[in-house]
Amino acid sequence: MTVQATARVIPIGIHDNAWRDDFFEFLNETADRILRETLMEKIEDFTRAVLDAKSDILGQLTLGFIKNRHRPLFEQEYCDCPVCGKRVKCANKEAKRKVESLGGSFFLCRPYFHCKNCGTGFCPLDEALGLASSPKQYDIQDIEAWLSSELPFKTAEEAYERTTGNSLSTGHMHETTKKIADGIGILDVCPTKTEILQIIDDIAKNNFRRPVMMLAIDGAHAPTRPEPSPRKGKRGKGEWKEIKGLRLYLIDGNRIVHLISWHQVGTDRELAADLRTIAKAGLIPEDRVRLCVIGDGADRIWNRTSELFPTAKIVLDFWHCSEHLHEAANAQFGKGTPEARTLVEASLTRLFDNDPDNVIAEFRSIKPDSKTAEEKINGVVRYLLNHEEGVNYGKAKRGGYHIGSGAIESANKFIGHVRLKRSGAWWYKSNANNILKLRCAKYNGTYEKIVKKFVETDREKTYRRA
Ligand SMILES: [Zn+2]
7 MTVQATARVI
17 PIGIHDNAWR
27 DDFFEFLNET
37 ADRILRETLM
47 EKIEDFTRAV
57 LDAKSDILGQ
67 LTLGFIKNRH
77 RPLFEQEYCD
87 CPVCGKRVKC
97 ANKEAKRKVE
107 SLGGSFFLCR
117 PYFHCKNCGT
127 GFCPLDEALG
137 LASSPKQYDI
147 QDIEAWLSSE
157 LPFKTAEEAY
167 ERTTGNSLST
177 GHMHETTKKI
187 ADGIGILDVC
197 PTKTEILQII
207 DDIAKNNFRR
217 PVMMLAIDGA
227 HAPTRPEPSP
237 RKGKRGKGEW
247 KEIKGLRLYL
257 IDGNRIVHLI
267 SWHQVGTDRE
277 LAADLRTIAK
287 AGLIPEDRVR
297 LCVIGDGADR
307 IWNRTSELFP
317 TAKIVLDFWH
327 CSEHLHEAAN
337 AQFGKGTPEA
347 RTLVEASLTR
357 LFDNDPDNVI
367 AEFRSIKPDS
377 KTAEEKINGV
387 VRYLLNHEEG
397 VNYGKAKRGG
407 YHIGSGAIES
417 ANKFIGHVRL
427 KRSGAWWYKS
437 NANNILKLRC
447 AKYNGTYEKI
457 VKKFVETDRE
467 KTYRRA
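When the sequence shown is numbered by this note's numbering, its final residue is 472 and no position is left out of the sequence of numbers.
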């Protein structure tokens, strides 16, 4: 015997053939019924007839395979109680439940046991199969959450029905999405430390300096409403709340290598806590990269970031800074005037020459024409004084850092806006955050991981014994 032959994975195999007779009998009956009841002429008539029966046919095949594999559990007469260990006689040999999955739907008739000693009711076959407590199994639940995080619930329901031929309710989609997303924490949607280090190593190989890792921080807005709002009647007043977002990525030449996006409706404090969690998990290895934090300088989160990453380079979003300069110049000289343009261009050139001091001096030397101009000019001076380090754009650019926060703005749009900003949609904060979590996971390539974790946890909960 060759080594290869011995190493081959051995399939489960055929244990009995009794299920085949049942399945083929069902198939024959179904074919007869379709031929009897359906008028088929054009291709769509045939495929529609098959599609309509598909779920039942595949369901019976699935059931056949289950019988083949787990026959003894269909015939079990006695079983030890999983809680107290007492030997229990089967209470109902054919307890019936519905099982719906992408691989078909069927009724499962299996032995049910009830322990009189401790009051526990159980079906050993359910546990062996790891069945979800809902008729809709985990593969369907996965699709429900996947579609709901992409489309409005009503459209998601329709998309499911149109593509699978099976039905689903909006309510169930809503619940499933909530169930899957509720348990997700920030680290669940992140790649692991090992994965991140591997990516860094791959980029570092071709480069003389350590790769630049950008941590972009930005806010966006989500339409929310008070939670809970009455189901009928007047809903609470809608309110725009801030989605705090972060995006962590590497720069490899002209390429952005995405690592982590995380966006949640919440506070600066919560975002700072999430950042701390990421850092503690080793996902921002400051010794392996040149870390740079970019944002618009919104005060509180900014200070926390510098506390968390004291060695990071700080860059203030270039467009944001330029907007400040424009506002002040326009207030003083009038919008679009040559004087305003000259002042802005000269200031930006100086910032690219690492000369913020002279920009500050220039703005200080202006004698304001109005109260508004005075406020705006003072604003610019304050802004530059507070962020002197972050506006050295020339130096930052030469170092290979990004000076604009376009990368997170596009994430804001893709992760938040396209799903949350729909006409008439005002979200509970918790639901909005659940959708955001799922979308972040998709964007970060960790969606499969969170679904896997959900299935494991839910199974553990369903079959956990006291
Ligand atoms: Zn018991």
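A virtual CB, placed ideally from N, CA and C, is assigned to each residue, including glycine.
Since the model is a prediction, treat every value here as computed from it, not as a measurement.
Does ligand 1 have even one heavy atom less than 6 angstroms from the beta-carbon of residue i?
| i | result |
| --- | --- |
| cysteine 121 | yes |
| lysine 95 | no |
| lysine 92 | yes |
| cysteine 124 | yes |
| valine 89 | yes |
Taking the C-alpha atoms as reference points, what is the distance between residue i and residue j?
| i | j | result |
| --- | --- | --- |
| glutamate 47 | leucine 57 | 15 angstroms |
| alanine 285 | isoleucine 192 | 12 angstroms |
| threonine 230 | glutamate 248 | 10 angstroms |
| isoleucine 190 | asparagine 440 | 8 angstroms |
| tyrosine 453 | aspartate 62 | 30 angstroms |
| aspartate 280 | leucine 203 | 20 angstroms |
| lysine 459 | valine 218 | 32 angstroms |
| alanine 13 | arginine 465 | Any reading at alanine 13 must be qualified, since the residue scores a pLDDT of 47, below 50, and its modelled position is unreliable; the value itself is stated next. Alanine 13 and arginine 465: Cα-Cα distance of roughly 32 angstroms. |
| lysine 184 | threonine 343 | 54 angstroms |
| lysine 122 | histidine 76 | 26 angstroms |
| threonine 126 | proline 234 | 36 angstroms |
| isoleucine 456 | isoleucine 149 | 13 angstroms |
| phenylalanine 113 | alanine 228 | 43 angstroms |
| arginine 282 | glutamate 380 | 39 angstroms |
| glycine 177 | asparagine 437 | 13 angstroms |
| arginine 39 | asparagine 172 | 20 angstroms |
| serine 348 | lysine 377 | The amino acid at residue 348 is misidentified as serine; the sequence shows threonine. Taking the straight line from one Cα to the other gives about 22 angstroms. |
| valine 461 | tyrosine 166 | 21 angstroms |
| asparagine 74 | asparagine 23 | 7 angstroms |
| aspartate 208 | threonine 182 | 38 angstroms |
| glutamine 10 | proline 88 | Low per-residue confidence applies at glutamine 10: pLDDT is 45, beneath 50, and the placement is therefore not dependable, though the value from the model is reported in the following sentence. Their backbone Cα atoms lie some 41 angstroms apart in a straight line. |
| tyrosine 144 | arginine 168 | 20 angstroms |
Would you check if the distance between the CB atom of residue i and the CB atom of residue j is smaller than 7 angstroms?
| i | j | result |
| --- | --- | --- |
| isoleucine 300 | valine 321 | yes |
| isoleucine 383 | alanine 334 | yes |
| alanine 187 | leucine 444 | yes |
| glycine 110 | threonine 53 | no |
| alanine 492 | arginine 310 | In the structure as shown, the chain begins at 7 and stops at 472. Residue 492 is therefore absent and cannot be evaluated. |
| glycine 422 | alanine 226 | yes |
| phenylalanine 369 | valine 350 | no |
| arginine 294 | isoleucine 206 | yes |
| cysteine 85 | proline 130 | yes |
| glycine 70 | phenylalanine 29 | yes |
| tryptophan 325 | glycine 406 | no |
| glutamate 156 | methionine 179 | no |
| leucine 331 | serine 312 | no |
| cysteine 446 | serine 328 | no |
| proline 117 | lysine 99 | yes |
| isoleucine 307 | aspartate 274 | yes |
What residue range is occupied by the uninterrupted beta strand (DSSP E) comprising residue i?
| i | result |
| --- | --- |
| glycine 251 | 245-258 |
| proline 117 | 110-120 |
| cysteine 85 | 84-86 |
| glutamate 100 | 93-107 |
| tryptophan 268 | 261-271 |
| threonine 170 | Taken as a continuous stretch (DSSP letters only), threonine 170 belongs to no beta strand (DSSP E), being part of the alpha helix (DSSP H) at 159-170. |
| valine 218 | 218-230 |
| lysine 319 | 319-322 |
Comparing C-alpha positions only, which one of the options sits nearest to residue i?
| i | options | result |
| --- | --- | --- |
| aspartate 323 | Asp361, Ala37 and Ala222 | Ala222 |
| threonine 170 | Met179, Ile146, Gly189 and Leu114 | Ile146 |
| proline 141 | Val105, Arg471 and Ile266 | Val105 |
| glutamate 394 | Lys160, Leu135 and Phe358 | Phe358 |
| leucine 442 | Lys319, Val424, Ser429 and Val457 | Val424 |
| tyrosine 389 | Gly405, Pro362 and Ile414 | Pro362 |
| alanine 101 | Cys90, Pro88 and His120 | His120 |
| glycine 430 | Gly177, Phe420 and Glu245 | Glu245 |
| histidine 264 | Ala417, Asn398, Thr378 and Cys327 | Ala417 |
| glycine 6 | Leu114, Pro197, Ile307 and Arg282 | Nothing about residue 6 can be reported from this structure: the residues present for the chain run from 7 to 472 only. |
| lysine 250 | Pro88, Lys419, Lys60 and Gly259 | Lys419 |
| glycine 288 | Lys199, Gly400, Gly340 and Ala55 | Lys199 |
| glutamate 35 | Glu276, Asp51, Leu45 and Gln66 | Gln66 |
Run the proximity test for residue i: is its beta-carbon closer than 6 angstroms to any non-hydrogen atom belonging to ligand 2?
| i | result |
| --- | --- |
| threonine 161 | The ligand content of the structure shown is limited to ligand 1, which means ligand 2 is not among them. |
Taking only beta-carbon atoms, is residue i less than 7 angstroms away from chain B?
| i | result |
| --- | --- |
| arginine 282 | Looking at the structure shown, chain B is missing, and only one protein chain is on hand. |
Where does the unbroken alpha helix (DSSP H) through residue i begin, and where does it stop?
| i | result |
| --- | --- |
| tyrosine 144 | 144-154 |
| cysteine 196 | Careful: cysteine 196 lies outside any alpha helix (DSSP H) and carries neither H nor E. |
| valine 365 | 362-371 |
| isoleucine 40 | 24-43 |
| methionine 6 | Look at the range of the chain in this structure, 7 to 472, and you will see that residue 6 is not part of it. |
| leucine 297 | It is not in any alpha helix (DSSP H) - leucine 297 instead sits in the beta strand (DSSP E) that spans 296-301. |
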